[in-house]
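Okay, so here's the structure we're looking at.
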Amino acid sequence: MKHRTAFFPGSFDPFTKGHEDIVLRALALFDEIVIGIGHNSSKARYFSLEKMKEAIEKSFEGKPIRVVTYQNLTATVAKEVGARFIIRGLRNTTDFEYENSISQVNRHINEELETVFLITSPHLAPISSTIIRDLHRYGSSINQYLPYNLEEEQSN
4 MKHRTAFFPG
14 SFDPFTKGHE
24 DIVLRALALF
34 DEIVIGIGHN
44 SSKARYFSLE
54 KMKEAIEKSF
64 EGKPIRVVTY
74 QNLTATVAKE
84 VGARFIIRGL
94 RNTTDFEYEN
104 SISQVNRHIN
114 EELETVFLIT
124 SPHLAPISST
134 IIRDLHRYGS
144 SINQYLPYNL
154 EEEQSN
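Numbering (our numbering), first residue to last: 4 to 159.
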């Protein structure tokens, strides 16, 4: 049987328990998951890219998961890391509309690329990186939403 690698892209600013849930569930479908932390030129990062990469790697130690950073088209990077699948988590219909459009473009760029949508576990659906950044920015504890502990000095 062919080795099945999937690419899980995102800005992961920060990487949440919702993201972790998608990755762990995807491991039942794929032999290896490559988590890609993308650089979005239209957004300034709140949490350091290097610290986020390190935190994600520690969260998945011993599992067939790699973490990469990239500044290219997702479909191109998926091919570079040997992935024929992209994993995306969906919280709601708004996510689906957005992700469906992106998956169509990715497929146009790389015809061998399939996007696999996983529905977010209900108890994690309200969690978003945007909300977590706002909570942190205004002094609320956020560790309950993350699969690792974030030190306060990691914010910009």
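Heads up, the beta-carbon is just placed ideally off N, CA and C, and yes, glycines get one too. Being a predicted model, the structure only gives us computed values, none of them experimental.
**Prompt:** Between Val71 and Ala81, what straight-line distance do the alpha-carbon atoms span, to the nearest angstrom?
**Reply:** As a working mapping, residue 71 is identified with position 68 in the sequence shown. As a working mapping, residue 81 is identified with position 78 in the sequence shown. Rounded to whole angstroms, Val71 to Ala81 spans 11 Å at the Cα level.
**Item:** Beta bridge counterpart(s) of Glu117 as assigned by DSSP
**Value:** Translated into the one-based positions of the sequence shown, residue 117 becomes position 114. Beta-bridge partners assigned by DSSP to Glu117: Phe88.
**Request:** Count the other C-beta atoms from every protein chain shown that fall within 10 angstroms of the C-beta of Tyr141, then say buried if there are 16 or more, exposed otherwise.
**Result:** Indexing the sequence shown from 1 puts residue 141 at position 138. Counting Cβ neighbours within 10 Å, Tyr141 comes out exposed, since fewer than 16 surround it.
**Message:** Distance check for Pro67 and Gly41, CA to CA, integer angstroms please.
**Reply:** Counted from its first residue, the sequence shown places residue 41 at position 38. Counted from its first residue, the sequence shown places residue 67 at position 64. Rounded to the nearest angstrom, the two C-alpha atoms are 20 Å apart.
**Request:** Find out if the Cβ-Cβ distance for the pair Ala86, Thr8 is shorter than 7 Å.
**Result:** Looking up residue 86 in the sequence shown gives position 83. Looking up residue 8 in the sequence shown gives position 5. In this structure, Ala86 places its C-beta atom within 7 Å of the C-beta atom of Thr8.
**Prompt:** Which residues in the same chain as Arg2 place their Cβ atom closer than 7 Å to its Cβ, once the five residues preceding and following it in sequence are excluded?
**Reply:** Here the chain covers residues 4 to 159 and nothing more, so residue 2 does not appear.
**Boundaries (first-last residue) of the beta strand (DSSP E) holding Phe11** = By one-based count along the sequence shown, residue 11 stands at place 8. Per DSSP, Phe11 belongs to the beta strand (DSSP E) from Thr8 to Gly13.
**Request:** Below 8 Å on the Cβ atoms is my guess for Met55 versus Phe11; work out the distance and round it to an integer in Å.
**Result:** Along the sequence shown, one-based indexing puts residue 55 at 52. Along the sequence shown, one-based indexing puts residue 11 at 8. The beta-carbon separation of Met55 and Phe11, rounded to 14 Å, does not stay under the 8 Å limit for a contact.
**Message:** Would His139 and Ile145 be called neighbours here (beta carbons separated by less than 7 Å)?
**Reply:** The residue given as residue 139 occupies position 136 in the sequence shown. The residue given as residue 145 occupies position 142 in the sequence shown. Pairing His139 with Ile145 gives a Cβ-Cβ distance under 7 Å.
**Request:** Give a yes or no on whether the C-beta atoms belonging to Thr123 and Gly21 are separated by under 7 Å.
**Result:** Looking up residue 123 in the sequence shown gives position 120. Looking up residue 21 in the sequence shown gives position 18. Yes, the Cβ-Cβ distance between Thr123 and Gly21 is below 7 Å.
**Item:** In DSSP terms, what Thr72 is bridged to
**Value:** As a working note, residue 72 is residue 69 in the sequence shown. Thr72 is bridged to Ile40.
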